[in-house]
Amino acid sequence: MNNAQQPRPLDGITVVSLEHAIAAPFCTRQLADLGARVIKVERPGSGDFARGYDERVNGLASHFVWTNRSKESLTLDLKQDDAMQVLGSLLADADVLVQNLAPGAAARMGLSFEALHERFPQLIVCDISGYGEGGPYEQKKAYDLLIQSEGGFLSVTGGPGEEEMAKAGCSIADIAAGMYAYTGVLSALMLRGKTGVGSRVDVSMLESLVEWMGYPLYYAYDGATPPPRAGAAHSTIYPYGPFPAGDGGTVMLGLQNEREWQAFCAKVLEQPELAGDERFSANFKRSANRAELRAIIVESFAKLSAAQVIERLEQAQIANAQVNDMAGVWAHPQLEARQRWRQVDSPSGRLPALLPPGRNSAFEPRMDAVPALGQHTDALLAELGYAASDIQRLHEQGAI
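FYI, in full-length UniProt numbering the residues of the sequence shown are 1 to 400.
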């Protein structure tokens, strides 16, 4: 049977989202992947401000295309009472509300969990913020780079000099928060299945990213020296990182244990005696003496092309990888072989989209269109029982 026609885990679940940028949209897009109906509430005229980040995807913004497929766009001016009535009607039948408005904004509009739980006890509310409710940082603005900084990520990323710190090239703090919001909503749905009532999921970008910093945190436990910044290399395991080949190419490789170190010396460097060198006879020694070891590796690789280095690494069963740019990822043979690309509709025509990770044998993920701003407003209002004349009036007064 065609998996695309099989039930999906969140079929019948309705999610209303007051969202912008990345964290909340990434959460709700993944809920939509599993079959949820996601109604994205946007400001009339401008919408999610991520729509305007760039025009790289046939005139659409790259961030927006990535995080907003399979959603319905409803424009509401939530400063108007009539628009709030529309939102209330949606929430009456919704299962989940996700919001990442400015700190305190949802509560000021009467959309705190406490207020909503009294009206809609079945509703799950997921609040995403930079620093979480309470505490001295509650009202601070929080963008991805700022959380990378506050969460310690920048202290372990980049080159060894203070001026060489580097942010992640993708929105890692937003992604972390979006993932915990996504799994938090799933667990809240499971809990509601047992209790019959909704609960609140409170997700902080800071806490999400700090959870991911567990290894550097524990490495620096009790005042110990934290791991140094090591560029694209591993800060505490060596050799583990990029090395130049003689043809100008770069090979990424990693060793994890002493058996691999011996194989690397014998079959890749063709210097088996190096395995017993006291400077390099344990990982902590190799890491401490990495400059000397790197010089030996670079000298050996200088006689080989990148392809020849990879061939030796494969024969020695040493982990390795190509250093792909984005063009290399678009054309990656493994993604193609596993048929991971699909086509989705958008206001600019058909676009490629990667299937979400975690293939399930029972169903195909939902891969529907990226919505135009306000595309579904009239249809949603009609579904809620609004007459055509009422919809026209709401348009005229700017409520929708």
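Glycine residues also receive a C-beta, built at the ideal position from the N, C-alpha and C atoms.
- Runs of the beta strand (DSSP E) lying entirely within the stretch 267 to 337 and spanning at least 3 residues, in chain order: 319 to 322.
- Nearest Cα to M165 within the set E55, V323, S155 and Q148: S155.
- By the C-beta density criterion, Q99 is buried, having at least 16 other C-beta atoms within 10 angstroms.
- Assigned with DSSP and collapsed to three states, T236 falls in coil, not helix or strand.
- In this structure, L206 keeps its C-beta atom at 7 Å or more from the C-beta atom of I128.
- In the structure shown, A353 falls within a strand segment according to DSSP collapsed to helix, strand and coil.
- DSSP, read as helix, strand or coil, puts D127 in strand.
- CA-CA distance, Q5 to F363, rounds to 8 Å.
- Counting only runs of 3 or more residues that sit fully inside the stretch 4 to 28, the beta strand (DSSP E) segments are 14 to 18, in chain order.
- Y240 sits away from S208, with the two beta carbons spaced by 7 Å or more.
- For M252, the enclosing beta strand (DSSP E) stretches over residues T250 to G254.
- In this structure, H395 and L74 do not form a Cβ contact; the two beta carbons are roughly 13 Å apart against a cut-off of 8 Å.
- Residue burial is scored here from C-beta neighbours: D48 has at least 16 other C-beta atoms within 10 angstroms and is therefore classed as buried.
- The residues G246, in chain order, have a CB closer than 8 Å to that of K303 in the same chain once the five nearest residues on each side in sequence are set aside.
- A distance below 7 Å between beta-carbons, with the five flanking residues on each side excluded, links G159 to the following residues of its chain, in chain order: R229 and G231.
- A direct Cα-to-Cα measurement between L189 and T67 gives close to 22 Å.
- In the three-state reduction of the DSSP assignment, E163 falls in the helix class, which pools H, G and I.
- The alpha-carbon of Q315 is positioned some 15 Å away from that of V251.
- The stretch 47 to 64 and the stretch 129 to 142 do not touch, with fewer than three beta-carbon pairs separated by less than 8 Å.
- Judged by DSSP secondary structure, L74 falls within the beta strand (DSSP E) whose first and last residues are K71 to T75.
- In this structure R56 is exposed. Its beta-carbon is surrounded by fewer than 16 other beta-carbon atoms within 10 angstroms.
- Under the three-state reduction of DSSP, P136 is assigned to coil, being neither helix nor strand.
- For E118, the uninterrupted alpha helix (DSSP H) segment begins and ends at F113 to R119.
- K40 has S17 and S73 as its beta-bridge partners, per DSSP.
- G132 and S204 do touch by the CB rule: their CB atoms are close to 4 Å apart, below 8 Å.
- Each residue's CA atom was taken as its position, placing S281 and K71 some 56 Å apart.
- When DSSP states are grouped into helix, strand and coil, Q99 belongs to the strand group.
- Under DSSP, S204 forms a beta bridge with S129.
- Look at V344 here: in three-state DSSP terms it is strand.
- Going by C-alpha positions, A106 is about 30 Å away from S346.
- Residue pairing from DSSP places L60 in a beta bridge opposite V57.
- For the set A102, V298, V268 and I296, the Cα lying nearest the Cα of Q308 is the one of V268.
- When the beta-carbon positions are compared, A399 and A83 come within less than 7 Å of each other.
- Secondary structure at G214: helix, using DSSP grouped into helix, strand and coil.
- By the criterion of a C-beta distance shorter than 6 Å, Q271 is surrounded in its chain by C265, once the five residues flanking it on both sides are discounted.
- For M84, the enclosing alpha helix (DSSP H) stretches over residues D81 to D93.
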